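Novice:
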Amino acid sequence: MNRYADILLPLAQPLYTFALSAEVQPALGSAVAVQFGARSVYTGIVWRLHDEPPVRGRVKSVLRVVYDRPILHPVQMRFWEWIADYYMCTLGEVMRMALPAEIKPHSANADEFVAYTPRCEKVLALDEAALDADVLSRMQRRAPKRYALVAALQQAGGVVLRREAKADAAVIRHLADEGIISVIEREIVPESVADTVALPTLSPAQSQTLEQIRSAFDERDTVLLHGVTSSGKTEIYMHLIAQTLAVGRDVLYLVPEISATSQLVERLRRAFGGRVIPCHSRLTPARRTGAYMRLLHSEGGNLVVGTRSAVFMPFEHLGLVVVDEEHDGGYKQSEPAPRYNGRDAAVMLAAMLGAKSLLGSATPSIESYANSLSGKYARITLDERYGGTLPPKIIISDTLRAVKRGERKYRFNKILLDKITERLSRGEQVMLFQNRLGYSSFVECSECGWTARCPHCNVSLAEHRSSHTLRCRYCGYSMPLPERCPACSGRVESMGFGTERVENDISELFPQASVLRLDGDTLVSDAACNRILSAFARHEADILVGTQIIAKGLDFDNVTLVGILNADNLLNTSDFRAGERAWQLIMQVAGRCGRRNTEGEVVVQTAEPSHPVFGWIADGRYDAMASALLAERQMFSYPPYTRLLRIIVRGASTDALAVTVGALGERLRNRFGSRVFGPVAPIIDKVRGEYLMEILLKIEVSASFARARSIVRDEIAEVRHLRESRNITIICDVDVQ
Ligand code: ADP
Ligand code: ZN
Ligand code: ZN
Numbered sequence: 017m018n019r020y021a022d023i024l025l026p027l028a029q030p031l032y033t034f035a036l037s038a039e040v041q042p043a044l045g046s047a048v049a050v051q052f053g054a055r056s057v058y059t060g061i062v063w064r065l066h067d068e069p070p071v072r073g074r075v076k077s078v079l080r081v082v083y084d085r086p087i088l089h090p091v092q093m094r095f096w097e098w099i100a101d102y103y104m105c106t107l108g109e110v111m112r113m114a115l116p117a118e119i120k121p122h123s124a125n126a127d128e129f130v131a132y133t134p135r136c137e138k139v140l141a142l143d144e145a146a147l148d149a150d151v152l153s154r155m156q157r158r159a160p161k162r163y164a165l166v167a168a169l170q171q172a173g174g175v176v177l178r179r180e181a182k183a184d185a186a187v188i189r190h191l192a193d194e195g196i197i198s199v200i201e202r203e204i205v206p207e208s209v210a211d212t213v214a215l216p217t218l219s220p221a222q223s224q225t226l227e228q229i230r231s232a233f234d235e236r237d238t239v240l241l242h243g244v245t246s247s248g249k250t251e252i253y254m255h256l257i258a259q260t261l262a263v264g265r266d267v268l269y270l271v272p273e274i275s276a277t278s279q280l281v282e283r284l285r286r287a288f289g290g291r292v293i294p295c296h297s298r299l300t301p302a303r304r305t306g307a308y309m310r311l312l313h314s315e316g317g318n319l320v321v322g323t324r325s326a327v328f329m330p331f332e333h334l335g336l337v338v339v340d341e342e343h344d345g346g347y348k349q350s351e352p353a354p355r356y357n358g359r360d361a362a363v364m365l366a367a368m369l370g371a372k373s374l375l376g377s378a379t380p381s382i383e384s385y386a387n388s389l390s391g392k393y394a395r396i397t398l399d400e401r402y403g404g405t406l407p408p409k410i411i412i413s414d415t416l417r418a419v420k421r422g423e424r425k426y427r428f429n430k431i432l433l434d435k436i437t438e439r440l441s442r443g444e445q446v447m448l449f450q451n452r453l454g455y456s457s458f459v460e461c462s463e464c465g466w467t468a469r470c471p472h473c474n475v476s477l478a479e480h481r482s483s484h485t486l487r488c489r490y491c492g493y494s495m496p497l498p499e500r501c502p503a504c505s506g507r508v509e510s511m512g513f514g515t516e517r518v519e520n521d522i523s524e525l526f527p528q529a530s531v532l533r534l535d536g537d538t539l540v541s542d543a544a545c546n547r548i549l550s551a552f553a554r555h556e557a558d559i560l561v562g563t564q565i566i567a568k569g570l571d572f573d574n575v576t577l578v579g580i581l582n583a584d585n586l587l588n589t590s591d592f593r594a595g596e597r598a599w600q601l602i603m604q605v606a607g608r609c610g611r612r613n614t615e616g617e618v619v620v621q622t623a624e625p626s627h628p629v630f631g632w633i634a635d636g637r638y639d640a641m642a643s644a645l646l647a648e649r650q651m652f653s654y655p656p657y658t659r660l661l662r663i664i665v666r667g668a669s670t671d672a673l674a675v676t677v678g679a680l681g682e683r684l685r686n687r688f689g690s691r692v693f694g695p696v697a698p699i700i701d702k703v704r705g706e707y708l709m710e711i712l713l714k715i716e717v718s719a720s721f722a723r724a725r726s727i728v729r730d731e732i733a734e735v736r737h738l739r740e741s742r743n744i745t746i747i748c749d750v751d752v753q
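Position in the sequence shown (first residue = 1) + 16 = the numbering used here.
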């Protein structure tokens with residue numbers, strides 16, 4: 017018999033050993049209640065069973081097993097271990113992220129510890145007495161209300177939800193007292209599963225692609241589907257999903273953004289009914305828990321749709337993973353640990369469960385493309401838009417030339433303004449894209465050069481004119497917009513421009529047009545977002561101004577013109593992926609227009625029209641772009657030729673920070689030599705009152721990355737012994753985005 021269990025707790029520490037009594041004999045992966053600290057009770061997970069007593073001290077016993085079955089399958093335990101090892105965090109941090117809060121309750125004292133119980137609902141059911149014809153006819157005469165309820169129950173086959181029964185409490189109580197009906201509490205069951213799956217009919221090009229994917233899966237576990245926007249990738253996924261569900265296996269369908277899920281879930285529900293399980297971070301805790309338990313108790317045949325955290329659902333019969341928009345940086349979690357990439361983790365999970373993975377994108381990431389070149393992935397292309405709509409015409413507009421010729425008003429080049437006029441006069445819609453929030457990026461004194469900066473983060477504050485404030489986009493700090501420069505009383509000017517200003521200016525230029533704006537400021541909730549989008553879809557506005565949010569997954573029939581107002585601030589970032597990202601974003605934004613019958617146009621405003629990105633955009637040749645970018649990545653040792661590990665060191669004291677990061681840098685340089693870059697201060701070197709330093713490691717793919725991580729772990733552990741590192745946080749970020 018196992019007398020001890022090593023229990024995982026949602027704490028930063030490793031496993032803790034507890035004793036097991038004869039009555040409490042949990043299986044691996046079970047949730048158990050354990051006392052930790054003076055009186056607190058935590059939910060832990062049984063990670064290891066053995067009979068070696070711990071060397072030190074008295075061990076406490078496991079109080080009890082919490083659920084009727086383990087909450088992790090063995091494969092999740094291996095998956096969590098892989099996440100913790102690869103993304104360099106603790107299993108406790110994985111547990112915190114992976115399990116919905118209600119599954120792992122924690123309370124300050126043992127009596128208050130309550131495990132998750134499924135939500136129940138009341139149903140009314142007919143009892144035998146209701147079959148008595150005499151009783152019924154008497155009731156019909158004397159108590160018509162009671163009779164009406166009984167008749168309704170009969171019509172509904174004997175059972176009705178309490179909240180759907182049109183009867184008041186007194187009527188129900190009477191009938192229950194007379195033994196004619198019973199009021200039963202039962203677990204809420206998900207809506208019934210649709211037996212007949214309603215799938216879209218595929219076009220010949222789509223069917224051919226589907227066949228290609230299927231035969232590619234005979235030889236490879238992962239397929240990269242490179243299909244232009246509007247080629248109908250979703251429809252192809254749906255066919256593959258149907259085939260997987262039909263053989264009783266589960267599907268995991270990932271999208272990068274929550275805002276894309278609600279439209280998609282609706283579309284999938286129409287085809288797959290109750291098999292669809294939405295799973296993302298904006299679900300209420302109860303719903304997330306319900307989704308988790310439903311999958312845990314199921315025998316397969318579910319379609320889990322969600323954002324990256326859905327990889328932590330308890331899959332056992334996984335047959336297929338679909339990662340849509342696989343290039344999207346949103347798959348990477350940056351805070352808190354585990355700093356995992358949902359796409360890569362999903363592919364790993366699929367491999368552990370013998371499932372296939374399909375990565376889809378109109379603009380595949382350079383990494384996935386490289387994987388297809390090396391033969392690790394199969395790559396299948398689909399160049400045809402569904403319904404044969406033409407790809408939009410992309411016009412690169414030279415901003416400096418427009419300025420020289422006096423052909424620019426506010427932030428718009430004449431060619432864009434002319435095209436807006438033309439499209440509006442035809443009753444068509446326009447989208448304007450600017451990847452900056454607010455009114456201006458910062459304010460500057462025209463006399464002395466003073467700029468407003470955040471006191472907690474080393475960044476300038478953005479101007480939000482509608483609320484007359486200056487705001488920090490890192491910590492939310494805000495202050496009133498000063499009328500005059502606080503340093504010299506000079507005039508304060510708005511520099512740069514954000515979506516709010518675009519909205520302002522365009523309304524001034526086109527007073528007859530109605531304008532909507534969708535960005536981080538207006539996106540206060542899903543409902544607000546949907547309201548704006550559906551208003552635009554119903555053509556209640558002519559122009560939609562927005563940030564990245566409008567670039568993704570949206571589908572408007574009547575949009576025929578897209579303006580990208582400043583492509584340069586997409587390119588001029590310090591990110592080694594800037595070129596790739598700019599290209600992807602512009603192609604995605606472009607994909608939003610002319611999806612139906614009219615040819616779309618995209619006007620890209622830039623001060624640097626000779627940048628190679630615009631050449632690739634104009635001629636639309638993905639391979640040319642990818643090979644140019646790959647050559648550049650190889651030259652500068654970036655992924656996919658290396659793996660990047662960033663170590664972020666932060667603390668409130670600059671002295672302690674300097675000592676700690678200096679010591680770590682030196683140790684790492686001794687081990688890794690020229691693969692170490694830094695320590696350097698990042699561009700934003702102070703956030704929320706803490707100073708930041710970074711060390712970057714580039715480990716060539718031919719070297720053992722596992723070995724490199726283990727060295728880094730050891731060296732960090734050494735540095736932790738320093739007196740100065742006591743209040744310093746050290747974070748590892750693997751596969752930096
Ligand atoms: P993608 O994801 O490749 O950009 P979508 O799957 O969103 O493309 O399809 C683009 C549009 O074309 C959608 O409105 C979709 O409903 C429609 N569509 C694509 N394929 C089909 C099909 N086989 N039958 C009906 N409509 C389709
Ligand atoms: Zn001044
Ligand atoms: Zn700040």
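Glycine is no exception: its CB is placed at the ideal position from the N, C-alpha and C atoms. Since the structure is predicted, the reported quantities are computational estimates derived from the model, not experimental observations.
According to DSSP, is E509 helix, strand or coil?
Specialist: Against the sequence shown, residue 509 aligns to sequence position 493. If DSSP states are grouped into helix, strand and coil, E509 belongs with the strands.
Novice: Go ahead and label L215 buried or exposed: buried means 16 or more other beta carbons lie within 10 angstroms of its beta carbon, across all protein chains shown.
Specialist: Within the sequence shown, the letter at position 199 stands for residue 215. Exposed, since its Cβ has fewer than 16 Cβ neighbours within 10 Å.
Novice: By the three-class DSSP mapping on this structure, what secondary structure does W63 have?
Specialist: On the sequence shown, residue 63 is found 47 positions in, with the first residue counted as 1. Here W63 sits in strand by DSSP.
Novice: Are the Cβ atoms of V3 and I436 separated by less than 8 Å?
Specialist: There is simply no residue 3 to check, as the chain begins at 17 and stops at 753 in what is shown.
Novice: Which word fits S413, buried or exposed, when buried means at least 16 other C-beta atoms lie within 10 angstroms of its C-beta?
Specialist: Indexing the sequence shown from 1 puts residue 413 at position 397. It is buried - the Cβ of S413 has at least 16 other Cβ atoms within 10 Å.
Novice: Taking only heavy atoms of ligand 1 into account, decide whether any of them is closer than 7 Å to the Cβ of E3.
Specialist: Coverage of the chain is limited to positions 17 through 753, which leaves residue 3 absent and any answer about it impossible.
Novice: Using a Cβ-Cβ cut-off of 6 Å (strictly less than) and excluding sequence neighbours within five positions of A307, which residues of its own chain qualify?
Specialist: Counting from one through the sequence shown, the residue named residue 307 turns up at place 291. Answer for A307: I293, C295, listed in chain order.
Novice: Among L673, V717, D584, which one has its Cα closest to the Cα of R649?
Specialist: Along the sequence shown, one-based indexing puts residue 649 at 633. Among L673, V717, D584, the Cα nearest to that of R649 is on V717.
Novice: What's the gap between the Cα of G562 and the Cα of L534?
Specialist: The count along the sequence shown starts at 1 and reaches residue 562 at position 546. The count along the sequence shown starts at 1 and reaches residue 534 at position 518. Those two C-alpha atoms are separated by around 5 Å.
Novice: On the CB-based measure, 16 or more other CB atoms within 10 Å of its CB, does V754 come out buried or exposed?
Specialist: Residue 754 lies beyond the stretch modelled for the chain, which goes from 17 to 753, so this question has no answer here.
Novice: Whose C-beta lies closer than 6 Å to the C-beta of T745 among residues of the same chain, with five residues either side of it excluded?
Specialist: For the purposes of this step, residue 745 is taken as the residue at position 729 of the sequence shown. So the qualifying residues of the chain are R666.
Novice: Suppose the cutoff is 6 Å on Cβ atoms and the five residues either side in sequence are ignored; what does the same chain contact list for L191 look like?
Specialist: Along the sequence shown, read from residue 1 onward, the residue named residue 191 stands at position 175. R162, I197, listed in sequence order.
Novice: Considering only residues of the segment 102-148, which uninterrupted alpha helix (DSSP H) runs meet the minimum length of 4 residues and lie entirely inside it, listed in chain order?
Specialist: Within the segment 102-148, the complete alpha helix (DSSP H) runs of at least 4 residues are 107-114.
Novice: Tell me, please, whether the segment 357-370 touches the segment 82-100 by the rule of three or more beta-carbon pairs shorter than 8 Å.
Specialist: Enough Cβ pairs lie closer than 8 Å, so yes.
Novice: Taking only heavy atoms of ligand 1 into account, decide whether any of them is closer than 7 Å to the Cβ of G316.
Specialist: Translated into the one-based positions of the sequence shown, residue 316 becomes position 300. No, ligand 1 has no heavy atom inside 7 Å of this Cβ.
Novice: Given 7 Å as the limit, tell me if P216 has its C-beta closer than that to any heavy atom belonging to ligand 1.
Specialist: Sequence index remark: in the sequence shown, residue 216 carries index 200 (1-based). Yes; taking the cut-off as 7 Å, the Cβ of P216 has a heavy atom of ligand 1 nearer than that.
Novice: Would you list the residues sitting across from P294 in a DSSP beta bridge?
Specialist: Position 278 of the sequence shown holds residue 294. According to DSSP, which records beta bridges pairwise, P294 is partnered with V321.
Novice: Spell out the partners DSSP gives H480 in its beta bridges.
Specialist: Position 464 of the sequence shown, counted from the first residue, corresponds to residue 480. Per DSSP, T485.
Novice: Do you know how far the Cα of Y657 is from the Cα of L586?
Specialist: Against the sequence shown, residue 586 aligns to sequence position 570. Against the sequence shown, residue 657 aligns to sequence position 641. Each residue's Cα considered, the two are about 24 Å apart.
Novice: Mind checking D266: buried by the 16 CB within 10 Å criterion, or exposed?
Specialist: Counted from its first residue, the sequence shown places residue 266 at position 250. D266 comes out buried.
Novice: Suppose you measure from the CA of S390 to the CA of R742; what does that come to, to the nearest Å?
Specialist: Reading the sequence shown from its first residue, position 374 is the one you call residue 390. Reading the sequence shown from its first residue, position 726 is the one you call residue 742. Those two C-alpha atoms are separated by around 45 Å.
Novice: If you draw a straight line from the alpha carbon of V508 to that of H472, how long is it in whole angstroms?
Specialist: Indexing the sequence shown from 1 puts residue 508 at position 492. Indexing the sequence shown from 1 puts residue 472 at position 456. Whole-angstrom Cα-Cα distance: 22 Å.
Novice: Looking at C-beta atoms only, is the number of pairs between the segment 135-149 and the segment 64-82 that lie closer than 8 Å three or more?
Specialist: Verdict: no, contact absent.
Novice: Tell me whether E716 sits in a helix, a strand or coil according to DSSP, three-state version.
Specialist: Residue mapping note: residue 716 aligns to position 700 of the sequence shown, counting from 1. Here E716 sits in strand by DSSP.
Novice: What did DSSP end up calling G569 once you bin it into helix, strand or coil?
Specialist: For the purposes of this step, residue 569 is taken as residue 553 along the sequence shown, with counting starting at 1. With a pLDDT of only 49 at G569, under 50, the local geometry of the prediction cannot be trusted, and the value read off the model is given with reservation. Residue state, collapsed to three classes: coil.
Novice: Check each candidate in Q445, L416, F331, L36 and name the one with the smallest Cα separation from D584.
Specialist: The residue you call residue 584 lines up with position 568 of the sequence shown. Here the closest residue by C-alpha is L416.
Novice: Can you give me the C-alpha to C-alpha distance between A478 and W466, rounded to a whole angstrom?
Specialist: Numbered from its first residue, the sequence shown carries residue 478 at position 462. Numbered from its first residue, the sequence shown carries residue 466 at position 450. The straight-line gap from Cα to Cα measures roughly 14 Å.
Novice: Would DSSP call L24 helix, strand or coil?
Specialist: Position 8 of the sequence shown holds residue 24. Of the three classes helix, strand and coil, the one that applies to L24 here is strand, per DSSP.
Novice: To the nearest whole angstrom, what separates the beta carbons of A557 and L581, a pair I think is in contact under 8 Å?
Specialist: In the sequence shown, counting from the first residue as 1, residue 557 sits at position 541. In the sequence shown, counting from the first residue as 1, residue 581 sits at position 565. Not confirmed; about 18 Å, so no contact.
Novice: Please state the DSSP three-state secondary structure of S381.
Specialist: As a working mapping, residue 381 is identified with position 365 in the sequence shown. The answer is coil: DSSP assigns S381 none of H, G, I, E or B.
Novice: Just to confirm my understanding: we take V675, look at its own chain, exclude 5 residues before and 5 after, and list those with CB closer than 6 Å. What are they?
Specialist: If you number the sequence shown from 1, residue 675 lands on position 659. So the list reads E740, once near-sequence residues are dropped.
Novice: Does the distance from the CB of T225 to the CB of I396 come in under 8 Å?
Specialist: Position 209 of the sequence shown, counted from the first residue, corresponds to residue 225. Position 380 of the sequence shown, counted from the first residue, corresponds to residue 396. Yes, the Cβ-Cβ distance between T225 and I396 is below 8 Å.
Novice: Could you check what DSSP says for P695 in three-state terms: helix, strand or coil?
Specialist: For this step, residue 695 is matched to residue 679 along the sequence shown. The answer is strand: DSSP assigns P695 an E or B state.
Novice: In angstroms with no decimal places, state the Cα-to-Cα distance between V338 and M641.
Specialist: Indexing the sequence shown from 1 puts residue 338 at position 322. Indexing the sequence shown from 1 puts residue 641 at position 625. Cα-Cα distance, rounded: 25 Å.
Novice: Quick check on the DSSP output: the alpha helix (DSSP H) that includes I559 runs from which residue to which?
Specialist: Here residue 559 corresponds to residue number 543 of the sequence shown, with the count starting at 1. Unbroken run through I559 is the beta strand (DSSP E), 559-562; no alpha helix (DSSP H).
Novice: Pull up the distance between the alpha-carbon of L712 and that of K392, whole angstroms please.
Specialist: Here residue 712 is taken as the residue at index 696 of the sequence shown, counted from 1. Here residue 392 is taken as the residue at index 376 of the sequence shown, counted from 1. Between L712 and K392, the C-alpha separation is close to 27 Å.
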